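Each remark here refers to the structure printed beneath this line.
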Amino acid sequence: MKMEPQLNIIFLPYPTPGHMIPMVDSARLFARHGASSTIITTQANASTFQKAIDSDFEAGYSIRIHVIPFPASQVGLPEGVENMKDGNSLEIMGKIGRGIHMLRDQIELLFHDLNADCLVTDMLYPWTVDSAEKLGIPRLYFYSSSYFSNCASYSVRTHRPHDGLESDTSKFLIPDLPHKTEMTALQLAEWIRTKNNSTAQFFDAVFESEKRSYGAVYNSFHDLENEYEEHYKNIMGIKVWSIGPVAAWINSTNKGQKHDHVEELEPKWLKWLNSKKIGSVLYVSFGSLTRLPNAQVAEIAHGLENSGHDFIWVIRKRENNDDDNDGDSFLHDFEVRMRESNQGYIIWNWAPQLLILEHSSIGGIVTHCGWNSILESLSFGLPMITWPMFAEQFYNEKLLVDMLKISVAIGVKENKLWVSLGEEDVVKRDMITNAVKVLMGSGEESMEMRKRAKKLGDVGKRAIEEGGTSYNNLIRLIQELKSLKVSRELSKRKLEN
Ligand code: UDP
52 MKMEPQLNII FLPYPTPGHM IPMVDSARLF ARHGASSTII TTQANASTFQ
102 KAIDSDFEAG YSIRIHVIPF PASQVGLPEG VENMKDGNSL EIMGKIGRGI
152 HMLRDQIELL FHDLNADCLV TDMLYPWTVD SAEKLGIPRL YFYSSSYFSN
202 CASYSVRTHR PHDGLESDTS KFLIPDLPHK TEMTALQLAE WIRTKNNSTA
252 QFFDAVFESE KRSYGAVYNS FHDLENEYEE HYKNIMGIKV WSIGPVAAWI
302 NSTNKGQKHD HVEELEPKWL KWLNSKKIGS VLYVSFGSLT RLPNAQVAEI
352 AHGLENSGHD FIWVIRKREN NDDDNDGDSF LHDFEVRMRE SNQGYIIWNW
402 APQLLILEHS SIGGIVTHCG WNSILESLSF GLPMITWPMF AEQFYNEKLL
452 VDMLKISVAI GVKENKLWVS LGEEDVVKRD MITNAVKVLM GSGEESMEMR
502 KRAKKLGDVG KRAIEEGGTS YNNLIRLIQE LKSLKVSREL SKRKLEN
């Protein structure tokens with residue numbers, strides 16, 4: 052009998068939920084299909100998914116976390132602040148970033164000592180392409196957003212169609228894409244809008260490392276954006292494997308532990324959702340990082356209340372606001388009013404998103420267009436209201452609204468990190484009420500979006516079933532990595548003889 056080589060794959064997630072969660076899910080999927088997965092991360096980050104990994108390990112899969120210490124005191128952070136979601140100011144986020152950067156030498160040594168056969172590393176670790184080259188092993192570039200966004204961003208960076216326009220609000224066409232897509236300069240991330248800044252220099256290294264990688268792994272599925280999967284291969288000239296939606300996949304195999312582990316048997320939010328009609332509740336979330344200013348929070352509160360529809364809303368607290376007291380007392384009164392009328396439920400800071408989305412009473416979502424939230428909603432066939440904030444989220448909005456036609460745009464005009472949002476950026480209550488009424492109402496537009504979202508959700512489910520496109524891609528990728536390992540070992544032996 053031919054012995055299959057054991058494959059040691061090292062996963063290096065970037066500590067922000069939108070990057071880390073899908074990579075951990077992917078590491079678990081690789082282990083489910085025979086690879087040995089090691090996730091390198093720091094203690095506080097490890098603790099957020101330790102239970103899931105332990106339960107996989109106990110179920111017989113070869114998976115573990117290799118914990119390295121975070122240099123908290125060296126960068127002036129309190130113990131345990133190791134993830135971008137803990138950064139409630141640019142300063143803290145900067146320190147977390149510096150701390151992560153300081154781990155490089157230690158991680159490089161680990162790649163060697165752990166006898167890695169392949170590195171699956173976040174896009175934000177461009178240096179790992181050199182580490183892999185030194186070790187003579189493949190590096191897989193892990194991108195945690197859509198093909199569409201990466202193709203669009205590539206085109207904008209290459210052709211700079213936004214330079215020399217009359218104004219930041221003039222529309223321009225993104226060149227060389229399979230579909231006609233228009234944007235304004237204001238919707239681009241600031242580092243792309245302006246030239247020669249340090250962020251752009253960092254991203255140049257990221258994109259250079261992407262092209263030099265053995266291939267890329269995407270949390271997407273073929274039938275969702277197949278033309279862009281193809282386009283991506285052509286422009287990058289590297290191999291690519293779509294293995295998503297990974298959250299739906301790992302959670303469909305009920306042997307393991309979900310990320311969103313809930314200790315209580317029936318938490319309050321669940322009781323509240325259980326009391327609601329099927330498809331009647333709107334889930335409102337701006338992802339893991341965004342903390343809105345109080346003025347915006349108040350407009351959302353009024354907008355939701357005026358819509359008359361039920362909602363469950365995750366609010367992340369912003370600190371150091373001058374108007375904190377006013378904002379707090381407004382929100383307190385609002386929460387009490389919503390409790391009395393039973394129209395709305397507020398979750399503070401962090402919600403078990405997957406568990407909420409899978410509840411049958413949820414009928415739609417307001418999203419900031421983070422790719423994970425999009426895929427998670429799609430997995431449950433939910434249509435969306437798009438409210439992009441920063442990074443590539445405006446591209447994702449185009450995909451959802453113009454191409455897939457499963458979303459209503461709230462109408463945000465400018466790409467801004469939440470820390471820079473001010474009075475002038477506040478989306479007014481009427482815009483919110485109108486979008487909610489369209490999405491959650493029973494008009495034709497909503498019904499059509501709903502049907503399309505449900506259909507795409509079903510296609511996504513088939514992709515991760517045995518024989519589905521993502522399923523087959525993962526199996527093929529593991530086989531290819533095994534063949535590479537065999538060839539590597541053969542040439543090593545030849546050299547030794
Ligand atoms: N998430 C969650 N609870 C929250 C906020 C976020 O579980 O209260 C999870 C969400 O399910 C998703 C990830 O965090 O898996 C956020 O990733 P996404 O790409 O949607 O947005 P980002 O936070 O990176 O902007």
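What the sequence shown shows, in this note's numbering, is residues 52 to 548, in sequence order. Even for Gly, the Cβ is constructed at its ideal location relative to N, Cα and C. Every value quoted in this text rests on a predicted model; they were computed, and no experiment measured them.
Close Cβ partners of residue i (< 7 Å) along its chain, the five nearest in sequence each way excluded
i	result
R83	Y112, T304
K488	S358
A86	L58, I60, I529
E350	V477, V478, K479, R480, I483
T341	R367, H419, M440, W469
K38	In the structure as shown, the chain begins at 52 and stops at 548. Residue 38 is therefore absent and cannot be evaluated.
Neighbourhood of residue i by C-beta, 8 Å cutoff - its chain only, sequence neighbours within 5 removed
i	result
C202	L228, Y279, H282, Y283, I286
V452	T437, S458, V459, A460
L175	Y65, H70, V257
Simplified DSSP state of residue i, which is helix, strand or coil
i	result
T67	coil
A435	It should be noted that the sequence gives Met, not Ala, for residue 435. DSSP places M435 in strand when its eight states are reduced to three.
L451	helix
R115	strand
R527	helix
C420	coil
W364	strand
G307	Any reading at G307 needs caution, since the residue's pLDDT is 45, under 50, leaving its predicted position unreliable; the model's value is listed next. In the structure shown, G307 sits in coil (DSSP, three-state: anything other than H, G, I, E or B).
N277	helix
N548	coil
T250	helix
M482	helix
Y265	coil
T520	helix
Residue i and residue j closer than 8 Å at C-beta
i	j	result
K467	M440	yes
M435	G462	no
S197	L450	yes
F193	V268	yes
H360	M500	no
I72	S88	no
L324	S412	yes
I416	L333	yes
P56	K533	yes
I301	N524	no
A299	I515	yes
P212	F199	no
H273	T520	yes
G330	G414	yes
Residue i burial status per 10 Å Cβ neighbour count (16 or more: buried)
i	result
W401	exposed
S218	exposed
M135	buried
F253	exposed
K543	exposed
L160	exposed
L275	buried
P64	buried
G432	buried
V207	buried
E370	exposed
Q347	buried
G145	exposed
Contacts around residue i, its chain only, beta-carbon distance under 6 Å, and the 5 residues preceding and following it disregarded
i	result
C420	T437, P439, Q444, N447, E448
D373	Unreliable positioning characterises D373 in this predicted model, as indicated by a pLDDT of 48, which lies under 50. A coordinate reading is not provided.
F121	T93, E133, G150
V365	S336, I398, A402
M153	P122
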